[in-house]
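Inspection log for the structure reproduced underneath, given as structure tokens.
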Ligand code: FEO
Ligand code: CA
Ligand code: CA
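Okay, here's the thing in structure tokens:
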């Protein structure tokens, strides 16, 4: 199919989705006024009808009665033509670079038709003690496998007989890795001396991406992936009084979790002090056109990016919401300068290079979006900013100077497609002390997180000021949580992380409690969450992951009959406190061998597809 035909298909499917929502048209249709769509948004959501599962933890997954869970693809499964089968005892960088990567996170769905799609899946980070047998994992080969295991997979899938299958030899299948993918630098930081390295003195191209956490899909069918905890991949020491000292400190560089720098000098900041400045961006990959080079879109700033979910403003420009997932970091928004072209896909090719990045300040009266523009306010040479390149490279510093509100770990930020609302997942913040509470982060020692709801005035996502409210303070019933009183003993959750909106405009939330889940008594999972009418603030437990896993990337197929999700790091988090296991988990002795339960195979992060046994829409 040509790229133009693909875009037409994408728009048609989105049109259907708007129809399902009861909206009067399509945000994507150039002839339709998005303002009219806002006015026609569904006022009260339809109730969730599935039977909840119970809180709990064990070695496998659980889903609401009447549903099936299919494992679509697992770490190590072949993707590219000729890729070898997974052999965990004889891994190699070459094999891994042709196979599905590790620790799947964000899941993006680009439709190619009713039963065919491109899935874009992030691979966030490596876990050597679960990936590799034995004890010595710091070798050049292990580091090279890790570099090939992270990044992203782009896979074509098709539905046959109600099941989703990977099209293994599709020419669209691709691996994006930390070592084998070249990105063009675009936007204001291209050519900045602060991104120059010995391998790239003109700062024009970057090898690799990693820390790919959440992301988004643009209306023209490209894939956005967010580089998050990039500090962890660097080691070394800067020279005294180096220009990047403050910048690297603000990003946590060098985190030193991975030892790539021992064998690959660019990850040693003593040798390549600017290399960290080449990570922490949003990347754009054209999943429909592999001849279009991947880009690092620097106009969207550099920080620990979580997601990059998109919506079109009432005047036709693209708006992207982004969290900076660290305690006391910020919530950002990018508004493109130009309008999305719905007829000519190529016209959007550099849309993300021009626009205004801004950061949120919450007051009791509303949210103010503060622009990160060189020369405005404190973003001047007196404060170390010589150009817009400096502003985007040190977006965290700029945000703090502007007075942005320090948040409780902003993760996925999901705009509702039609009603002007935006849902902000705030995972937790156990470092917020008494006296540091604020209107939008109202709890000290916020171990359970909360969800804030923004409201764009009149549905205008480009407006300078929004209204806001707390949708729910999460945590156990009977604590200081603020669930709807109708919430069941299983309907509450902690640490909201990723989320998505179903074709009926309803919110579904995935959680990441980290190592703390033994205290809450339940594994992570997916909860449906009411946002309007009598159901507002009521959670419904739908799915839970196997022990030690995190729930990532929930994403509905446009017909609402499949909910895709990514089970990340099964057997990893908190397993020493899981009584049936009670020790550290390793490749050779893991807390679970999900999903294969084969004594020769380790646990494998996997993409799953949840469907109803009666093939109807989920949650109706
Ligand atoms: Fe990668 Fe913020 O979760
Ligand atoms: Ca996350
Ligand atoms: Ca999302």
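Residue numbers (the working numbering): -3 to 616. Glycine included, C-beta positions come from ideal geometry on N, C-alpha and C.
- Within the segment 461 to 529, the beta strand (DSSP E) runs of at least 3 residues that lie entirely inside it are, in chain order, 461 to 469, 492 to 497, 503 to 507 and 521 to 525.
- Here DSSP, grouped into helix, strand and coil, assigns residue 288 to coil.
- Less than 7 Å separates the beta-carbon of residue 191 from that of residue 274.
- 392 is the residue among 392, 425, 102 and 578 whose C-alpha sits nearest the C-alpha of residue 245.
- Within a 10 Å sphere around the beta-carbon of residue 530 sit fewer than 16 other beta-carbons, which makes this residue exposed.
- Residue 244 sits in a helix when the DSSP states are folded into three classes.
- In terms of side-chain proximity, the C-beta atom of residue 592 is found no nearer than 6 Å to any non-hydrogen atom of ligand 1.
- A Cβ-Cβ distance of about 7 Å is found for the pair residue 330 and residue 295, placing them in contact under the 8 Å criterion.
- Every alpha helix (DSSP H) of 4 residues or more that sits fully in the segment 134 to 171 is shown, in chain order, as 136 to 145.
- As DSSP reads the structure, residue 103 sits in a beta bridge with 117.
- C-alpha of residue 173 to C-alpha of residue 578: approximately 34 Å in a straight line.
- In terms of side-chain proximity, the C-beta atom of residue 209 is found nearer than 6 Å to a non-hydrogen atom of ligand 2.
- Going by DSSP, residue 127 is part of the alpha helix (DSSP H) stretching over 124 to 127.
- In the structure shown, residue 406 adopts extended strand secondary structure according to DSSP, grouped into three states.
- Contact check for residue 106 and residue 278: beta-carbon distance about 17 Å, past the 8 Å limit, so the pair fails to qualify.
- Taking non-hydrogen atoms of ligand 2 into account, the C-beta of residue 223 is found less than 6 Å away from none of them.
- DSSP lists 548 and 603 as the beta-bridge partner residues of residue 562.
- The beta carbons of residue 388 and residue 297 sit closer together than 7 Å.
- Residue 459: not part of any alpha helix (DSSP H); DSSP gives it neither H nor E.
- By the criterion of at least three beta-carbon pairs nearer than 8 Å, the segment 97 to 117 is in contact with the segment 214 to 233.
- Just measuring C-alpha positions, the residue of 209, 399, 237 and 257 sitting nearest residue 135 is 257.
- Uninterrupted beta strand (DSSP E) stretches at least 3 residues long and entirely within the segment 373 to 445 occur at 406 to 411 and 417 to 422, given in chain order.
- In this structure, residue 394 lies away from residue 366, with their beta-carbon atoms at least 7 Å apart.
- Taking the Cα positions, residue 488 is about 8 Å away from residue 534.
- Taking the C-beta atoms as reference points, residue 63 is found nearer than 7 Å to residue 608.
- DSSP places residue 90 inside the alpha helix (DSSP H), whose first and last residues are 89 to 92.
- Here residue 255 is buried. Its C-beta has 16 or more other C-beta atoms within 10 Å.
- For residue 264, same chain residues with a beta-carbon under 7 Å away, outside a window of 5 residues either side, are 231, 232 and 257 in chain order.
- Between the segment 393 to 413 and the segment 310 to 322 there are three or more inter-stretch CB-CB distances shorter than 8 Å, so the stretches are counted as touching.
- Ranked by Cα distance from residue 581, the options 115, 376, 495 and 130 are led by 130.
- Nearest to residue 339 by C-alpha distance, out of 215, 49 and 450, is 215.
- In this structure, the C-beta of residue 322 stays at least 6 Å away from each heavy atom of ligand 2.
- Judged by pairs of C-beta atoms under 8 Å, the segment 396 to 407 does not touch the segment 468 to 479, as fewer than three such pairs exist.
- Proximity to residue 396 across 299, 419 and 309 peaks at 299, based on C-alpha coordinates.
- Per the Cβ contact rule, the segment 139 to 150 is in contact with the segment 110 to 121 (3 or more Cβ pairs under 8 Å).
- Using a C-beta cut-off of 8 Å, the segment 545 to 555 makes contact with the segment 497 to 509, since at least three inter-stretch Cβ pairs fall below that distance.
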